[in-house]
Amino acid sequence: QLQENFESDQTTTGVQRQFLSTQSSVDPGAATVTVTVPAGADVTNMGLVIRHKAVRIEPQGSAPQPGFLSDFSNGPYTYRLISADGTKRDWTIILDI
Numbered sequence: 004q005l006q007e008n009f010e011s012d013q014t015t016t017g018v019q020r021q022f023l024s025t026q027s028s029v030d031p032g033a034a035t036v037t038v039t040v041p042a043g044a045d046v047t048n049m050g051l052v053i054r055h056k057a058v059r060i061e062p063q064g065s066a067p068q069p070g071f072l073s074d075f076s077n078g079p080y081t082y083r084l085i086s087a088d089g090t091k092r093d094w095t096i097i098l099d100i
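Residue numbers for the sequence shown follow our numbering, so the first one is 4 and each next one is one higher.
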């Protein structure tokens with residue numbers, strides 16, 4: 004259970020989020036990110052947070068929506084980043100399990 008206390012002393016409860024400590028390797032030329040996932044991590048019920056400077060990010064094909072718990076066991080996954088000027092670039096995320 005996750006319990007958070009806010010400035011108003013209001014308490015909320017819910018499901019605990021476990022953040023994995025991972026290492027990643029970024030190859031800007033190939034537009035790939037390889038993330039090393041710790042052994043034993045359950046990638047079938049995992050959320051992915053992508054930090055970017057784009058205006059919008061769009062999952063391509065079967066790529067799960069970032070920020071939601073999903074099954075990431077069948078990657079790699081491609082995400083399209085769209086900049087403010089309309090430039091689009093597809094990035095591939097590879098989970099090294």
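Think of the CB as a built atom: it goes at the ideal place given N, C-alpha and C, for glycine as much as any other residue. Remember, it's a predicted structure, so these values are computed and weren't measured experimentally.
Check                                                                                                                                   : Outcome
Given this structure, state the Cα-to-Cα distance separating Pro-79 from Thr-90, to the nearest angstrom.                               : 23 Å
Restricting to Cα atoms, I'd like to know which of Ser-76, Asp-45, Ala-87 and Gln-26 is closest to His-55.                              : Ala-87
Just to confirm, are Phe-71 and Met-49 a CB contact at a threshold of 7 Å?                                                              : no
Under 7 Å between the Cβ atoms of Ile-96 and Val-36?                                                                                    : yes
Would Tyr-82 pass as a contact of Pro-62 if the rule is Cβ separation under 7 Å?                                                        : yes
Taking the beta carbon of Leu-98 as the centre, do at least 16 other beta carbons fall within 10 Å, making it buried, or is it exposed? : buried
Considering only the alpha carbon of each residue, which of Pro-69, Ile-53, Pro-31 and Gln-26 lies closest to Val-40?                   : Gln-26
Just mark Ser-65 as buried or exposed, buried being the case when its beta carbon has 16 or more other beta carbons within 10 Å.        : exposed
Taking 7 Å as the threshold (C-beta atoms), are Pro-69 and Leu-84 in contact?                                                           : no
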